[in-house]
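Protein chains in written order, with numbering that gives the first Met the number 0: chain A, 0 to 449; chain B, 0 to 449.
Just so it is clear, CB atoms sit at the ideal spot from N, CA and C, and this is done for glycine as well.
Since this is a predicted model, take the numbers as computed values, not measurements.
Structure first, then comments.
Number of protein chains: 2
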Amino acid sequence: MPSNTGSLVPRRTIGIGLVGFGTVGQGVWKHLEAQRADLNARLGIDLDLVRVAVRDARKPRAMSVEAARMTEDPFSVVDDPRVHIVCELMGGTEVAREVTLRALRAGKVVVSANKALIAEHGEEIFRLVREHGGRFFFEASVAGGIPIIKAIREGLVANRFDLICGIINGTTNYILSRMEKEKLPYETILADARRLGYVEADESLDLDGVDAFHKAGILAYLAHGKWVDAEHALVQGIRKVTLEDIGRARDFGYRIKLLAVIRRDFRSGWLTVGVYPALLPLDKLLARVDGAFNGITLVGDVVGAQTFVGRGAGQDATASAVIGDIVDALIALRDGGTKGLSAADLDFLDRLGEGVRMAEMHEIIGKFYLRLTLADRAGVLADVYRVFAEESLSIARVVQYEHEGKGTGTVTLSTYETSELVMERVLAKLRALNTVLEEPLLLRIFTPET
Amino acid sequence: MPSNTGSLVPRRTIGIGLVGFGTVGQGVWKHLEAQRADLNARLGIDLDLVRVAVRDARKPRAMSVEAARMTEDPFSVVDDPRVHIVCELMGGTEVAREVTLRALRAGKVVVSANKALIAEHGEEIFRLVREHGGRFFFEASVAGGIPIIKAIREGLVANRFDLICGIINGTTNYILSRMEKEKLPYETILADARRLGYVEADESLDLDGVDAFHKAGILAYLAHGKWVDAEHALVQGIRKVTLEDIGRARDFGYRIKLLAVIRRDFRSGWLTVGVYPALLPLDKLLARVDGAFNGITLVGDVVGAQTFVGRGAGQDATASAVIGDIVDALIALRDGGTKGLSAADLDFLDRLGEGVRMAEMHEIIGKFYLRLTLADRAGVLADVYRVFAEESLSIARVVQYEHEGKGTGTVTLSTYETSELVMERVLAKLRALNTVLEEPLLLRIFTPET
């Protein structure tokens with residue numbers, strides 16, 4: 000059984016193998032080749048770009064690699080004794096998982112941009128890190144080039160985080176931003192995003208908030224030591240948000256963004272993680288994060304609020320994060336040191352996670368936005384008001400829109416602060432009214448400090 | 000002669016000494032005491048808060064430290080063999096310099112928040128780091144709790160930075176923000192800032208842009224390997240910015256912020272560093288950074304634009320950064336490793352700096368805002384236009400304001416892109432007109448990517 004002290008064997012010649020040679024992989028290779036001499040001089044090492052595993056060696060690609068360094072067998076990269084750092088950039092969670100686990104079992108260092116793999120198999124991955132003394136780096140898995148994981152783990156290590164919230168899926172932010180700016184419907188912009196290759200092959204990952212939830216899960220683990228299942232979280236995508244909602248939110252002084260929200264109450268011990276379209280006041284920094292950009296606001300108990308904004312994806316932003324990780328991995332291998340999550344870090348996160356429980360619905364307090372489609376006849380609003388009154392929930396603002404000639408009308412309203420539990424009860428009663436014609440759309444109103 | 004390999008002696012019991020026990024020092028001590036058990040467990044060390052040097056041991060203070068651990072002699076902290084990390088939080092550049100150099104000569108690790116010291120004596124400090132194998136950490140010296148130094152050095156290490164610009168002096172940002180929001184004149188808000196203790200004892204540091212220039216100098220060194228003197232930089236404070244300028248900038252679609260700007264042209268090799276009040280388009284992220292907050296936008300050649308926003312100063316924000324550095328120092332001491340700027344890093348920065356020259360005035364291109372006080376008579380504007388025409392500089396927008404009954408008028412205008420050289424020639428000619436009654440106010444218009 001290998002040592003679990005967390006030490007690596009110090010070495011000067013360090014080999015890197017790439018598994019996956021798509022856009023990001025080629026970007027990493029390109030920048031590593033360009034910067035190799037600098038890195039060697041700066042770090043006092045001899046960096047060897049050993050091998051690349053591709054899906055189809057004969058496929059033409061922008062970035063050429065000599066045939067001798069190319070293989071179609073990802074495991075041959077992992078098993079190559081000259082490879083100390085395995086860079087997994089193939090995506091997916093099956094072969095990628097096997098590649099990752101095999102490298103970690105060999106005590107190697109793995110650099111990964113694979114948020115789905117980490118979110119779904121993080122516990123297994125980190126258990127192998129602990130058992131075999133390897134390392135796992137994953138800065139590129141969240142928020143593209145923004146060094147948010149390093150900030151949480153190192154720069155802001157003095158802090159406990161009451162709140163981490165952000166826009167961490169570029170595709171949905173691109174769609175919502177263009178809908179708002181160009182006043183075009185969801186389907187039109189989605190078609191564009193598809194054509195531009197902005198949407199993952201499995202569209203649900205982007206559009207239903209799954210990808211953002213994967214990333215939120217990683218941040219929640221790093222900040223609170225707990226892996227949160229989707230069953231214990233609200234995960235809601237952008238499919239039901241209409242151009243009208245965007246316009247009405249704007250009338251209320253808000254913009255609609257797909258937000259990942261991680262809230263922790265250190266007094267009661269609860270944690271809540273969610274992904275949902277939320278209304279952000281126009282003057283907040285995150286409300287200004289448009290297009291393919293990502294933005295994250297952290298509130299630490301020592302430092303207060305901080306916001307980080309940058310490109311969330313794309314070849315170069317992701318390559319920047321991967322190379323940042325590779326440099327940390329090189330230093331760890333050179334010194335036999337403990338950069339990256341070590342066994343001691345993982346023990347610490349375990350202890351941190353022990354004090355955490357998932358929040359109950361009555362503990363999660365917020366303001367809400369509601370869109371109701373109502374029969375267009377006398378007394379319908381009185382019914383709605385009565386439901387709110389019964390639950391002692393105050394309405395902050397109501398706007399009624401007529402649907403000419405259709406016999407229906409739309410009412411949008413915002414509430415004062417209440418719990419998710421009360422809001423759920425209100426929603427159940429509204430659904431039961433026969434004057435409420437469609438499933439109501441409920442969005443959360445979110446007001447971060449900055 | 001001590002080794003210059005950059006290795007520290009690995010140890011488990013690590014002692015910290017604090018020099019300076021004002022607001023920040025007490026904040027650091029408080030948080031370190033609170034987090035000591037966690038840090039010990041997480042890092043596998045035994046952290047010893049050895050000694051604190053205060054100016055006056057009998058002075059009552061919010062944070063109490065037992066008498067045995069308190070001294071009025073800063074050097075006794077440095078010389079204590081149990082102290083491995085000297086945390087210099089006293090400020091000033093005389094005793095602080097002696098304390099820092101003495102600690103580094105002993106091969107110790109120094110953690111510093113002292114931007115003036117680093118900007119003025121950085122070369123000497125880093126020479127001693129290299130000669131004696133110690134370490135120097137200084138995250139808290141720039142932008143309070145924002146881990147910007149770590150981002151530049153580690154997370155974004157793949158990048159060369161074409162642009163680093165930001166709001167990095169909280170005092171002037173507080174003053175400008177309140178002037179704009181409350182429509183009160185400079186002197187009124189300055190008096191408030193003084194009363195609240197927001198202005199440094201030497202007011203020129205804040206108001207004339209010197210503090211921001213110190214911080215810009217540190218960032219320029221880290222990004223480009225060159226220490227820039229004030230003689231080779233434009234350093235301009237906020238004293239000449241009036242409430243009227245703020246209002247007129249707003250009419251033009253801009254907000255006025257005191258910006259530090261570090262621009263590099265990698266093709267021509269030039270670098271320019273400046274601090275000056277600048278007009279930022281309202282929709283840019285930095286234009287939304289208000290009050291005591293700091294914000295920095297970096298443009299890296301790989302990652303693109305990133306923006307970081309957070310509290311720029313204050314007990315807790317600074318303490319957060321200091322503790323982040325202390326944790327890195329603890330890891331370096333535990334592992335005998337090379338966190339912080341090592342000799343190899345400094346060699347790398349030296350090589351980087353060799354390729355740098357300061358930009359000539361004709362190479363620095365930008366747009367400008369100009370406020371002219373003119374005699375209120377026929378033909379004055381024609382004279383102004385003629386000057387611009389002679390220098391082939393196009394005016395983008397002009398607004399003329401009457402000064403009722405005073406026989407003078409104010410004209411504000413913005414230009415299209417031109418060089419600092421052309422703008423200087425235009426300014427010299429305008430000054431020479433006898434219809435230009437006061438020294439013109441020239442502000443730069445700055446449009447970062449995000």
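Among the candidates the options, whose CA atom is the shortest distance from the CA of residue i?
i, options, result
"Lys-180 of chain A", "A:Ile-245, A:Arg-159 and A:His-231", "A:Ile-245"
"Phe-454 of chain A", "A:Ser-111, A:Ala-142, A:Asp-250 and A:Val-128", "The question about residue 454 of chain A has no answer, for chain A in this structure spans 0 to 449."
"Gly-378 of chain B", "B:Thr-434, B:Ile-363 and B:Lys-428", "B:Thr-434"
"Asp-250 of chain B", "B:Pro-280, B:Ser-393, B:Val-109 and B:Ala-381", "B:Pro-280"
"Leu-195 of chain A", "A:Leu-278, A:Ala-291 and A:Arg-430", "A:Ala-291"
"Ile-364 of chain B", "B:Ala-431, B:Asp-201, B:Arg-126 and B:Glu-423", "B:Glu-423"
"Ala-222 of chain A", "A:Asp-382, A:Leu-155, A:Gly-24 and A:Trp-28", "A:Leu-155"
"Val-108 of chain A", "A:Gly-208, A:Lys-338 and A:Glu-202", "A:Lys-338"
"Ser-391 of chain B", "B:Leu-380, B:Val-398, B:Val-410 and B:Thr-417", "B:Thr-417"
"Asn-158 of chain B", "A:Asp-349, A:Val-397, A:Ala-316 and A:Asp-346", "A:Ala-316"
"Lys-283 of chain A", "A:Arg-266, A:Leu-48, A:Met-69 and A:Gln-305", "A:Gln-305"
"Glu-71 of chain B", "B:Val-64, B:Arg-60, B:Met-62 and B:Asp-55", "B:Asp-55"
"Pro-59 of chain A", "A:Gly-21, A:Gln-314 and A:Asp-375", "A:Gly-21"
"Phe-445 of chain B", "B:Val-301, B:Gln-314, B:Arg-370 and B:Leu-278", "B:Leu-278"
"Ser-267 of chain A", "A:Phe-387, A:Val-355 and A:Glu-138", "A:Val-355"
"Leu-270 of chain A", "A:Glu-359, A:Asp-205, A:Leu-183 and A:Gly-309", "A:Glu-359"
"Ala-115 of chain B", "B:Gly-294, B:Trp-226 and B:Gly-303", "B:Trp-226"
"Ala-95 of chain A", "A:Asp-375, A:Asn-172 and A:Gly-121", "A:Gly-121"
At a CB-CB cut-off below 7 Å, which residues of chain A make contact with residue i?
i, result
"Leu-284 of chain B", "Leu-284, Arg-287 and Val-308"
Interface residues of chain B around residue i at Cβ under 8 Å?
i, result
"Asp-344 of chain A", "Arg-41"
"Asp-327 of chain A", "Glu-153"
"Thr-170 of chain A", "Result: empty, since nearest Cβ-Cβ is about 17 Å, beyond 8 Å."
Output, in chain order, the set of chain A residues within a Cβ distance shorter than 9 Å of residue i.
i, result
"Phe-445 of chain B", "The contacting residues do not exist; Phe-445 of chain B stays about 17 Å from chain A at best."
"Thr-187 of chain B", "Per Cβ cutoff of 9 Å: no residues; Thr-187 of chain B is ~24 Å from chain A at best."
"Thr-411 of chain B", "What Thr-411 of chain B touches in chain A: nothing, since even the nearest Cβ is about 26 Å away."
"Thr-407 of chain B", "Residues of chain A passing the Cβ test: none, with the nearest at roughly 37 Å."
Give the C-beta separation of residue i and residue j to the nearest angstrom, bearing in mind that I take them to be a contact with Cβ-Cβ under 8 Å.
i, j, result
"Pro-276 of chain A", "Leu-297 of chain A", "No, Pro-276 of chain A and Leu-297 of chain A are not in contact; Cβ-Cβ is about 21 Å, not under 8 Å."
"Pro-117 of chain A", "Ile-325 of chain A", "It should be noted that the sequence gives Ile, not Pro, for residue 117 of chain A. Incorrect: roughly 17 Å between the Cβ atoms, too far for contact."
"Val-141 of chain B", "Ile-167 of chain B", "6 Å"
"Arg-247 of chain A", "Thr-411 of chain A", "5 Å"
"Gly-450 of chain B", "Leu-103 of chain B", "Since the first residue of chain B shown is 0 and the last is 449, residue 450 of chain B is not available in this structure."
"Leu-17 of chain A", "Leu-88 of chain A", "7 Å"
Under the DSSP definition of a beta bridge, which residues are partnered with residue i?
i, result
"Thr-306 of chain A", "A:Thr-296 and B:Val-308"
"Leu-440 of chain A", "A:Arg-370"
"Glu-87 of chain A", "A:Val-18 and A:Ser-111"
"Phe-160 of chain B", "B:Gly-299"
"Tyr-275 of chain B", "B:Leu-258"
"Glu-401 of chain A", "A:Gly-408"
"Ile-166 of chain B", "B:Gly-294"
"Phe-136 of chain B", "B:Val-110"
"Val-450 of chain B", "Outside the shown range of chain B (0 to 449) lies residue 450 of chain B, about which nothing can therefore be said."
"Val-51 of chain B", "B:Leu-17 and B:Met-69"
"Asp-45 of chain B", "B:Thr-12"
"Leu-233 of chain A", "A:Gly-273"
List the residues of chain A that residue i touches, going by C-beta distances under 8 Å, in chain order.
i, result
"Lys-149 of chain B", "Pro-146, Lys-149, Ala-150, Glu-153 and Gly-154"
"Ile-322 of chain B", "Val-156, Ala-157 and Val-301"
"Phe-347 of chain B", "Asp-37, Ala-40 and Arg-41"
"Thr-417 of chain B", "By Cβ distance, chain A contributes nothing, its closest Cβ being about 29 Å from Thr-417 of chain B, past 8 Å."
If the cut is a Cβ gap below 7 Å, which residues of chain B does residue i touch?
i, result
"Ala-316 of chain A", "Val-302 and Gly-303"
Cβ closer than 8 Å: which chain C residues qualify as neighbours of residue i?
i, result
"Ser-319 of chain A", "Of the protein chains in the structure, A and B, none is chain C."
For residue i, go through chain B and note every residue whose CB falls closer than 9 Å to its CB, in chain order.
i, result
"Thr-434 of chain A", "Those within 9 Å of Thr-434 of chain A in chain B number zero; the least Cβ separation is about 42 Å."
With a threshold of 7 Å (Cβ to nearest heavy atom), would residue i be considered close to the ligand ZN?
i, result
"Tyr-185 of chain A", "Among the components of this structure there are no ligands whatsoever, and the ligand ZN is therefore not found."
TODO: Quick one: which residues of the stretch 116 to 143 of chain B get their C-beta closer than 9 Å to a C-beta of chain A? List them in chain order.
DONE: Shown in chain order are the members of the stretch 116 to 143 of chain B whose Cβ falls below 9 Å from a Cβ of chain A: Glu-138 and Gly-143.
Open item on the list: Against chain B, which members of the stretch 83 to 115 of chain A pass a CB distance test of less than 9 Å?
Closed with: Residues passing the 9 Å Cβ filter: none.
Open item on the list: For the stretch 256 to 270 of chain A, list every residue whose C-beta sits within 7 Å of some C-beta in chain B, in sequence order.
Closed with: Contact annotation: in the stretch 256 to 270 of chain A, no residue has its CB less than 7 Å from a CB in chain B.
- [ ] Determine which residues of the stretch 29 to 55 of chain A have a Cβ less than 8 Å from any Cβ of chain B, and write them out in chain order.
- [x] Listed in chain order, the positions of the stretch 29 to 55 of chain A with a beta carbon within less than 8 Å of a beta carbon of chain B are His-30, Gln-34, Asp-37, Ala-40, Arg-41, Leu-42 and Gly-43.
Open item on the list: So if I threshold CB-CB distances at 7 Å, which residues from the stretch 331 to 342 of chain A count as touching chain B?
Closed with: Against chain B - using a Cβ distance shorter than 7 Å - the residues of the stretch 331 to 342 of chain A are Asp-334, Gly-336 and Thr-337.
- [ ] Taking a Cβ distance cut-off of 9 Å, strictly less, list which residues of the stretch 366 to 386 of chain B are near chain A, in chain order.
- [x] The stretch 366 to 386 of chain B vs chain A, Cβ under 9 Å: nothing.
Task: Members of the stretch 11 to 26 of chain B that neighbour chain A once the beta carbon cut-off is set at 9 Å - done: When CB distances to chain A are screened at a threshold of 9 Å, the residues of the stretch 11 to 26 of chain B falling below it are Gly-26, in chain order.
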